[in-house]
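J.: Take the sequence shown: its letter number 437 is residue 447 in the working numbering, and every next letter is one higher.
We put the CB at the ideal spot given by N, CA and C, even for glycine.
Just so it is clear, the structure is predicted and the values come from calculations on it, not from any experiment.
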Amino acid sequence: MEMERRKEELEKKRQKLAELRRAREERKQVFTTATQKQEEKSVERSRKEQIDDLVKSLLKDKATGDHPGTPTSSKSDDVEPEKGITSHHARLSSISTGYSPGTSVPQSPSILAPSRYIPDFSSFEAVILDIAPKELILYSKEVQTTERSFGPPPPNEDEIRAKFLKEQEEKEKARQAALEEERSRLEDEKKKMQQLKDISEDVRKKIISSNEFVEFIDHSTKIVERVLNENYDYMKDYSIIKDNENDDQSGSRVKYVNSFFDDRWTKNRSVTDVNWSRKNPEICVASYNKNPMAMNEPDGVAVVWSLKLLERPEYVFHSQSDVLTTMFSEFHPTLVIGGTYSGQIVLWDMRSKSLPVLKTPLSASGHTHPVYSMQMVGTQNAHNLITASTDGLICSWQLDMLAQPQETLELVHAEHSKTDEVSVTALGFPENETAAFWVGTEEGIAYQANRYGRAGGKAGINPYDVYKGHWGPITGLHFHPMTGQHNFSDLFLTSSVDWTCKLWRAKVR
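In structure tokens:
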């Protein structure tokens, strides 16, 4: 109805504009006709005036040349044409006196007038110019305005009443439609509630225990907890300067952030290793040994913790043996690698479930003793996983094929006090180095070793590059990264169960 009313109003406006244009055209036509008539009259009047002036000038010349009663001189017949007297003028003079040109006029002494001077006339050629009248330039200027006299007449009472009734009818229809929609929505909700009420206890338990429901709840609650654990101050005013007394010393202190603990997965377990992710710096992975109080749970677990999720772990990975070391893959951010007490190397994927996606076999081709250390070496396109066990065996693996190692190297020391084997508990490669490496042993001694033979040296331990300083097994060995303007990549740290950490400079480097 609103569209029809608008169409009617637009049609009325179009008719009104058409009437205004038609009236303007009529006024313009009348004005043009009047202007043309006025110009024609002025031209005709000017022409008549010119003719009248010409006639008057001719008559005036005649009147001054011949008068009644004036005798015609005999010499008038002898005037030559070149003297200015034409035959036309002779005829005019005969008409004015009443005598023919050859008739002699009687002379009366009483009527004779004194003689006059007769001027000499000469003929000449004259060019008569018809000068057009001055052109009168006219123009018209119009302005379109709304003339109220052409507007629609005001509506009468019947039209107003009909319009009001129509609006009321439309409002009533809209209200009825809204009520009907609300009624149908309530009925749908009632049906849904009845369907929910009709679900049995067994069906509800089945839904709750389904994998899809558990994964959905776990994923959704993690997102909510991350948002709730965000400690950003949204009301912080940067224009306010706060004077903290300990600002000068705050940079030299270690701040406590959180204690990561889970009653089910970390209770009664020891932390054997911790490593941070290079791709996602807010998460870390920690490895745990066996829980003697829970015989039905896996012996080893690797738990991924996040600084954005402080109350529970992000991921929990299982292993059949105690996990002694763990790390994130530097070139695959979703992969987590673990070394176990049984000598197996396990590979977990955060996109899969808690069980390993790949693992090494329990055979003599790989490790058969506990693996306490490992490290990734190489580049994005060519990299290997280097692992070391307590029997002195060094293995090189490819992550996509853990069935057997690519390379193996047994570390022995001929001058060892008890056995030739070197019990490796820590392993470290300098940055951008793939051949030379350093190991820490159970005796508290660090050795430099080579994966391949070099000129003047063999593959294995370098007996001339030994680092003695700890009184217990070395638990960790790490080289300084190559960052900043100064190169400190020849420095490395070692930690031991003797409660000390020592800084060394590599001799070969």
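According to the Cβ coordinates, are residue 381 and residue 347 closer than 8 Å?
T.: no
J.: Mind checking which residues open and close the alpha helix (DSSP H) that includes residue 222?
T.: 221-238
J.: If you check the beta carbons only, do residue 294 and residue 315 fall under 8 Å apart?
T.: yes
J.: Given residue 480, which residues of its chain have a CB within under 6 Å of its CB, disregarding the five upstream and five downstream residues?
T.: 454, 506, 508
J.: Once you ignore the five residues that flank residue 433 on each side, which residues in its own chain have a CB closer than 6 Å to its CB?
T.: 400, 451, 452
J.: Considering only their Cβ atoms, is the gap separating residue 436 from residue 395 smaller than 8 Å?
T.: no
J.: Determine the direct distance from the alpha carbon of residue 235 to that of residue 225, and round the result to whole angstroms.
T.: 15 Å
J.: Output needed for residue 48: all residues of its chain with C-beta closer than 7 Å, excluding positions within five of it in sequence on either side, in chain order.
T.: If we look at residue 48 and ignore the five residues flanking it on each side, it has no Cβ neighbours.
J.: What residues in its chain sit with their C-beta under 7 Å from that of residue 515, if we drop five residues either side in the sequence?
T.: 500, 501
J.: Using alpha carbons as the reference points, say which of 340, 415, 366 lies closest to residue 390.
T.: 340
J.: Express the C-alpha separation of residue 349 and residue 416 in angstroms, rounding to a whole number.
T.: 17 Å
J.: Could you have a look at residue 263 and say whether DSSP puts it in helix, strand or coil?
T.: Reduced to three states, the DSSP call for residue 263 is coil.
J.: Are three or more beta carbon pairs between the stretch 130-150 and the stretch 17-34 nearer than 8 Å?
T.: no
J.: Would you mind reading off the limits of the alpha helix (DSSP H) that contains residue 216?
T.: 211-218
J.: If I follow the unbroken beta strand (DSSP E) through residue 270, where does it start and stop?
T.: First-last for residue 270: undefined, no H or E at that position.
J.: Looking at residue 301 and residue 279, is the spacing between their C-beta atoms short of 8 Å?
T.: yes
J.: Give me the Cβ distance between residue 475 and residue 462, rounded to the nearest whole Å; I'm assuming they're in contact under 8 Å.
T.: That belief does not hold up - the Cβ atoms of residue 475 and residue 462 are roughly 16 Å apart, past 8 Å.
J.: From 343, 361, 403, 366, pick the residue whose C-alpha is nearest to that of residue 375; which is it?
T.: 403
J.: Just to confirm, are residue 338 and residue 358 a CB contact at a threshold of 8 Å?
T.: Here residue 338 is not near residue 358, since their CB atoms are 8 Å or more apart.
J.: Assuming residue 370 and residue 412 form a contact by the criterion Cβ under 8 Å, report the distance between their Cβ atoms to the nearest whole angstrom.
T.: Their Cβ separation, rounded to whole angstroms, is 5 Å, which keeps residue 370 and residue 412 in contact under 8 Å.
J.: Can you have a look at residue 119 and say buried or exposed, based on whether 16 or more other CB atoms are within 10 angstroms of its CB?
T.: Residue placement at residue 119 is flagged as unreliable, the pLDDT there being 40, under the threshold of 50; a coordinate-derived value is accordingly withheld.
J.: Would you list, in sequence order, the uninterrupted beta strand (DSSP E) runs of no fewer than 3 residues that lie entirely inside the stretch 287-350?
T.: 293-298, 310-316, 325-329, 333-338, 345-350
J.: Hey, residue 268 and residue 319 are a contact pair by Cβ (cut 8 Å); roughly how many whole angstroms apart?
T.: In fact, because the Cβ distance is near 10 Å, the residues do not count as touching under 8 Å.
J.: Could you tell me the boundaries of the beta strand (DSSP E) in which residue 438 lies?
T.: 434-438
J.: Select from 304, 317, 360 the residue whose C-alpha is nearest the C-alpha of residue 325.
T.: For residue 325, the nearest C-alpha among the options comes from 360.
J.: For residue 384, collect the residues of the same chain with a Cβ closer than 8 Å to its Cβ; drop the 5 residues on either side in sequence, then sort them by chain order.
T.: So the qualifying residues of the chain are 335, 337, 347, 349, 355, 395, 396, 397, 398, 437.
J.: According to DSSP, is residue 54 part of a helix, a strand, or is it coil?
T.: It is helical.
J.: Does the separation of the CB atoms of residue 310 and residue 287 fall below 8 Å?
T.: Contact check for residue 310 against residue 287 fails: the beta carbons are separated by 8 Å or more.
J.: So, with DSSP's three-state summary, where would you put residue 365?
T.: Residue state, collapsed to three classes: coil.
J.: Using CA coordinates, which residue listed in 517, 63, 290, 66 is at the minimum distance from residue 344?
T.: 290
J.: Scan the stretch 368-450 and note each continuous alpha helix (DSSP H) run of 4 residues or more that stays entirely inside, going in chain order.
T.: none
J.: Go to residue 458, then tell me how far its beta strand (DSSP E) extends in each direction, as first and last residue.
T.: 455-460
J.: Let me confirm a value: residue 351 is counted as buried when at least 16 other C-beta atoms fall within 10 Å, else exposed. Which label applies?
T.: In the assembly as shown, residue 351 is a buried residue. Its beta-carbon has 16 or more other beta-carbons within 10 Å.
J.: On the CB-based measure, 16 or more other CB atoms within 10 Å of its CB, does residue 164 come out buried or exposed?
T.: exposed
J.: Which residues bound the beta strand (DSSP E) around residue 472?
T.: 470-478
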